[in-house]
Each structure stands twice: as C-alpha cells, then as structure tokens.
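Trainee: Using numbering that gives the first Met the number 0, read the sequence shown as starting at 0 and increasing by one per residue. Cβ atoms here follow ideal geometry from the backbone N, Cα and C, with glycine treated the same way. In this text, all values refer to a predicted model and were calculated from it rather than measured experimentally.
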Amino acid sequence: MPDDRTIALKPIKWYKSLATRKGRLEAGAFLIEGDMAIKQMISNNPDEIIELVSTETLTHPFHKYPNRLVTDIQLRSICSSKTPQGIIAVVRLPLDTYSARLPDGIGSKILLLEDVQDPGNVGTLIRTAAAFDFSGVILTEKCADPLSPKCVRSTAGTVLSLWIRRTSRYLELVEELQHRGYFLVAADLGGVADPSHLQCHSKLLLALGNEASGLSDSVLNASNHRLRIPTIRRKTESLNVAACGAICMYLSHHKH
0 MPDDRTIALK PIKWYKSLAT RKGRLEAGAF LIEGDMAIKQ MISNNPDEII ELVSTETLTH
60 PFHKYPNRLV TDIQLRSICS SKTPQGIIAV VRLPLDTYSA RLPDGIGSKI LLLEDVQDPG
120 NVGTLIRTAA AFDFSGVILT EKCADPLSPK CVRSTAGTVL SLWIRRTSRY LELVEELQHR
180 GYFLVAADLG GVADPSHLQC HSKLLLALGN EASGLSDSVL NASNHRLRIP TIRRKTESLN
240 VAACGAICMY LSHHKH
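Set out below in structure tokens:
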C-alpha cells in the first residue's frame, strides 16, 4: 500500500489524462469511480490502489489510502459519469494487459471476446466472468479498451479480479491454449443447441463475437464446438452478446 508521503501533488489535468489510453499507459494507472466499485476493489485488490480523490475527508474503509481533496467542479471534470459519487480511486495498471503473454497461472476457464466494441458490454462480460469463476479474459484490439472509464464502470470494481489481455495476436493465444488442452466453445447462431460442452471439460475457452457480425471464420473454424443459445425465433432472432455470455458462463459454472 502506498505511503502518503510519496504521493506528489498532481495537476487536475493529470487525472483527466487517465480517460485516454495514452494517458493510462504513460501514468501506469487508471481510474475507478464510485463508492461501491472502490469498496469492491479494496476487498479484492487493496494494494493496487495508489490514491483516492474525493470532495470530502474519507472514513473507513477509505481512510488508509492517500487522499487528494478536490472541489465538486474539479471532480466532475475528472469523472466520465454525468453524476459522480464524490470519490475516485487511482489504481495501478496491470503490467501485461496489452501484451500477448499468457500468465503463469492461466486457470481453467477463459473468456475470449472478439471485436466486442461497446464498453458497457465488455465491462459487463468481465464482471460476469469474475462472478462465474473465469480466470482470465482475452480481447482483440478492436474490442473496447477494458480499462477505459465506461468499461471499468460496467465492471463494478471487478476489473482486476481476473487477468486480462488485449492484443492483435489473439489467434496465437487461442492456438496456444488449445495446445494446452483447452476446449474452444464458440457462441454462434448457426451452432448446435447443446450446452453440455460448457460443463464437461476441465479446461474451457469460451468465445463471443462482435455485436453485429458475431465471430470471425478464423475463430469458428478453430472451435471444437459451435454453441447456439435457443431462443423463440418468432420473437427475437438473437441475444445481446452480454446476455448470451452470461447464460453460457452460468451454464459452465453450474454442472449437472
């Protein structure tokens, strides 16, 4: 945990710069907004919080962190949300987020997001993956940035609960994971309505595609099983990618 004597007073524009990828990479930090999300971060990753920025002096459980006091106007200028909750956390950027290196402890269930562009969908899927005990998420470079303010807000403080890789070399990671014994299930409207493969493999890689066009032929051709979530076609052709992902991850978690 940082010592408050090491926190230099930074200009407000430094905090604003963390809304951009360039700013986050240069600072080695990103922002989490809101009381509940920061409490979740304190619960799961307390040592990753560098500093808290607030409009009032903080009490438990926030009091143990360095605290920068700002005015309401200054806080609103930093926050991406239209109605900020009075507190922001500056959090350490995970080192390998934008690399193509898998971690040492990969885990048994991995989520692959291919070109999912809406930040709300990406953040919700990361939050859902954490809830159903997935260990990591691989994102393509055309996905929304997982550490952008809108994505982080949608994760509700769970963004560091699993490892994340955002890379153009995701197909190499898919190949490497399959070599290591991971079974690739691709969510596909043209697939088979048989979810058993989500439950019967010790190593699972679940792939979800772009909101409009779905998964690429490269991922579909590499898959071990193409899964369709059955819907009432006369009422709706398909599900939102976040809803589809939530169903798949729930089924992978609740084995029968």
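Tell me whether GLU113 is buried or exposed, calling it buried when 16 or more other Cβ atoms sit within 10 Å of its Cβ.
Mentor: Working through the sequence shown from its first residue, we reach residue 113 at position 114. GLU113 should be labelled buried.
Trainee: Quick one: Cα of SER16 to Cα of ARG23, how far?
Mentor: Here residue 16 refers to the residue found at position 17 when the sequence shown is read from its first residue. Here residue 23 refers to the residue found at position 24 when the sequence shown is read from its first residue. One C-alpha to the other measures close to 7 Å.
Trainee: My output table needs one value for SER153: the three-state DSSP class, helix, strand or coil.
Mentor: Looking up residue 153 in the sequence shown gives position 154. Looking at SER153 - three-state DSSP - the assignment turns out to be helix.
Trainee: Would you say ARG67 and GLU55 are within 8 Å of each other, going by their C-beta atoms?
Mentor: By one-based count along the sequence shown, residue 67 stands at place 68. By one-based count along the sequence shown, residue 55 stands at place 56. Contact flag unset, no.
Trainee: Tell me which residues share the same chain as THR154 and place their Cβ nearer than 6 Å to its Cβ, disregarding the 5 neighbours each side in the sequence.
Mentor: If you number the sequence shown from 1, residue 154 lands on position 155. Here the set comprises GLY122, ILE125 and ARG126.
Trainee: Would ILE37 be called buried (16 or more neighbouring beta carbons within 10 Å of its own) or exposed?
Mentor: As a position in the sequence shown, residue 37 is number 38, starting the count at 1. Buried is the label assigned to ILE37, since at least 16 other Cβ atoms lie within 10 Å of its Cβ.
Trainee: Enumerate in chain order the residues of its own chain whose CB-to-CB distance from SER160 is below 6 Å, with the five nearest sequence positions on each side excluded.
Mentor: If you number the sequence shown from 1, residue 160 lands on position 161. Cβ-Cβ distances below 6 Å link SER160 to ASN43 and ALA129 in the same chain, with the five nearest sequence neighbours on each side left out; the list follows chain order.
Trainee: Just the C-alpha distance for GLY180 and GLY189, rounded to the nearest angstrom, thanks.
Mentor: As a first step, residue 180 must be located in the sequence shown, where it is residue number 181. As a first step, residue 189 must be located in the sequence shown, where it is residue number 190. Spanning the two alpha carbons is a distance of roughly 25 Å.
Trainee: Nearest to VAL90 by CA position, among GLY135, TYR249, ARG75 and VAL151, is which residue?
Mentor: The sequence position of residue 90 within the sequence shown is 91, counting from 1. Checked all of GLY135, TYR249, ARG75 and VAL151; the closest Cα to VAL90 is VAL151.
Trainee: Rounded to whole angstroms, what is the Cα-Cα separation between HIS196 and VAL184?
Mentor: For the purposes of this step, residue 196 is identified with residue 197 of the sequence shown, where counting begins at 1. For the purposes of this step, residue 184 is identified with residue 185 of the sequence shown, where counting begins at 1. Distance between the alpha carbons of HIS196 and VAL184 is about 7 Å.
Trainee: Please name the residue, chosen from CYS78, GLU25, LEU204 and ASP187, that lies closest to LEU172 on a Cα-to-Cα basis.
Mentor: Numbered from 1 along the sequence shown, position 173 holds the residue referred to as residue 172. Nearest of CYS78, GLU25, LEU204 and ASP187 to LEU172, Cα basis: LEU204.
Trainee: Can you give, in chain order, each stretch of the beta strand (DSSP E) that sits fully within the segment 162-187 and has at least 3 residues?
Mentor: Complete beta strand (DSSP E) runs here, min 3: 162-165.
Trainee: Between which two residues does the alpha helix (DSSP H) carrying GLU25 extend?
Mentor: Reading the sequence shown from its first residue, position 26 is the one you call residue 25. Where GLU25 is concerned, the enclosing alpha helix (DSSP H) stretches over 20-26.
Trainee: Quick check on the DSSP output: the alpha helix (DSSP H) that includes ASN43 runs from which residue to which?
Mentor: For this step, residue 43 is matched to residue 44 along the sequence shown. 34-43 is the span of the alpha helix (DSSP H), which, as asked, contains ASN43.
Trainee: Just mark THR139 as buried or exposed, buried being the case when its beta carbon has 16 or more other beta carbons within 10 Å.
Mentor: Position 140 of the sequence shown, counted from the start, is the residue given in the question as residue 139. THR139 comes out buried.
Trainee: Skipping 5 residues on each side, what residues in its chain have a beta carbon closer than 7 Å to that of SER80?
Mentor: For this step, residue 80 is matched to residue 81 along the sequence shown. Closer than 7 Å at the Cβ level, and outside the excluded window around SER80, lie GLU32 and ARG152.
Trainee: Compute the Euclidean distance between the alpha carbons of LYS234 and LYS141, then round it to the nearest angstrom.
Mentor: Working through the sequence shown from its first residue, we reach residue 234 at position 235. Working through the sequence shown from its first residue, we reach residue 141 at position 142. Using only the alpha carbons, I get a separation of about 30 Å.
Trainee: Suppose you measure from the CA of SER147 to the CA of THR82; what does that come to, to the nearest Å?
Mentor: If you number the sequence shown from 1, residue 147 lands on position 148. If you number the sequence shown from 1, residue 82 lands on position 83. Each residue's alpha carbon lies about 17 Å from the other.
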